[in-house]
Amino acid sequence: MHIDLTQRVAVVTGGANGIGRATARRLAHSGARVAIWDRVVAVGEAAAAALAGEGLEVCFIEADVTQRASVNAAVAATVARFGGIDILINNAGITRDAQLVKSKDGAVTGGMTDDEFDDVIAVNLKGVYTCTQAVVPELLKRGGGRIVNASSVVALHGNFGQTNYVATKAGVIGMTQVWARELGKRNITVNAIAPGFIATDMTAKMPASALDAMLAHTPAGRLGSPEDVANAYCFLVSDAAAFINGVVLSVDGGLVIGT
Ligand code: NAD
5 MHIDLTQRVA
15 VVTGGANGIG
25 RATARRLAHS
35 GARVAIWDRV
45 VAVGEAAAAA
55 LAGEGLEVCF
65 IEADVTQRAS
75 VNAAVAATVA
85 RFGGIDILIN
95 NAGITRDAQL
105 VKSKDGAVTG
115 GMTDDEFDDV
125 IAVNLKGVYT
135 CTQAVVPELL
145 KRGGGRIVNA
155 SSVVALHGNF
165 GQTNYVATKA
175 GVIGMTQVWA
185 RELGKRNITV
195 NAIAPGFIAT
205 DMTAKMPASA
215 LDAMLAHTPA
225 GRLGSPEDVA
235 NAYCFLVSDA
245 AAFINGVVLS
255 VDGGLVIGT
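Residues 5 to 263 (the numbering used here) make up the sequence shown, in order.
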């Protein structure tokens, strides 16, 4: 499908790496002007420079999605650079995996810490809330827009060792459904993507045995690529998806169905 995003300005949070970077590239190749927001400055600048080297209109703007002042400054910088915002991809995310309670021979040996829980909530859940609240006024000025949030297959089914992460990704689905109702009336669609296991730095941290178990249940028989997910984001922000609002689109090679 040919997708034309000419005249659109897109923000991709966490766009310095992985799925975000591939999404910035995909949207820019479809004609959008793209602001990569990320907290890693050198990597983000290098990503934007590499995409600019392909002849794409991409810039890097430093932003920490956990800090409202930083997000507000990033909105202002994006509008100063590109004149407005039409598309928000809430992609920034982290993991801090640990079992709820670890025990051996009936004795507790460890477990998830409050810091591990709070750090993940701050980025994956509150960061999505903060960025969306800050960007929506810009979408309203343009008469509408598109928001797509990063959920995960684990939001739908849980995952061992991810109490914090699963809570955020399930929460993102809830916020997506609320905003689809609240903003749908304003010509803004809000959807979520639930990737399966995608080959990025995030999954590189997972034990090989856990990834092998996932692959064994995936009809596609492979990990997803960042481009697989980027294509789904690109479709959901396009005119072709104008009547799609409040959905969770799985991009998981059939993992949920199983083999
Ligand atoms: P990644 O670790 O490769 O990239 C995440 C990016 O987010 C990094 O550039 C990082 O610097 C940025 N980031 C982290 N905290 C930030 C903050 N406070 N402010 C701004 N930027 C911040 O991750 P990825 O694998 O590309 O995942 C992208 C999104 O997709 C995440 O939300 C993740 O939860 C979700 N997801 C990934 C997978 C997977 O298998 N990789 C599966 C399902 C969902």
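Glycine residues also receive a C-beta, built at the ideal position from the N, C-alpha and C atoms.
Could you name the residues of the same chain whose beta carbon sits closer than 8 Å to that of histidine 221, not counting the 5 residues immediately before and after it, in chain order?
Leu259, Gly262, Thr263
Beta-carbon spacing of isoleucine 197, valine 140 below 9 Å:
no
Within the present structure, is the beta-carbon of alanine 184 separated from the nearest heavy atom of ligand 1 by less than 8 Å?
no
With glycine 110 and alanine 102 assumed to form a contact (beta carbons below 8 Å), what rounded beta-carbon distance in angstroms separates them?
Their Cβ separation, rounded to whole angstroms, is 20 Å, which puts glycine 110 and alanine 102 out of contact at 8 Å.
To the nearest angstrom, report how far apart aspartate 42 and lysine 189 are at their CA atoms.
The straight-line gap from Cα to Cα measures roughly 30 Å.
Are the region 81-91 and the region 132-150 touching, with three or more C-beta to C-beta distances below 8 Å?
yes
Mind reading off the beta-carbon distance from glycine 250 to alanine 184? Whole number of angstroms is fine, and I expect it under 8 Å.
3 Å
Inspect the beta-carbon positions of alanine 96 and alanine 154 and report whether they are closer than 9 Å.
yes
Euclidean distance between Cα positions of glycine 59 and serine 254:
31 Å
Does the Cβ of threonine 17 have 16 or more other Cβ atoms within 10 Å, making it buried, or fewer, making it exposed?
buried
Considering only the beta carbon of each residue, do leucine 104 and alanine 171 sit closer than 9 Å?
no
For the putative contact between isoleucine 177 and valine 252, defined by C-beta atoms under 8 Å, what is the C-beta separation to the nearest angstrom?
6 Å
Beta-bridge partners of leucine 253, as assigned by DSSP
Ile197
What does DSSP give as the partner residues of serine 107 in its beta bridges?
Val112
Under the three-state reduction of DSSP, which class applies to aspartate 8: helix, strand or coil?
coil
To the nearest angstrom, report how far apart valine 182 and lysine 108 are at their CA atoms.
42 Å
Any non-hydrogen atom of ligand 1 closer than 8 Å to methionine 206 Cβ:
yes
Determine the extent of the beta strand (DSSP E) in which glycine 149 is found, giving its start and end residues.
149-154
Can you find a heavy atom of ligand 1 that lies under 8 Å from the Cβ of serine 155?
yes
Taking one C-beta from the region 230-244 and one from the region 213-220 each time, how about it: are there three or more such pairs within less than 8 Å?
Contact between the region 230-244 and the region 213-220 is absent, because fewer than three Cβ pairs lie under 8 Å.
Please report how far the alpha carbon of asparagine 76 lies from the alpha carbon of threonine 70, in whole angstroms.
11 Å
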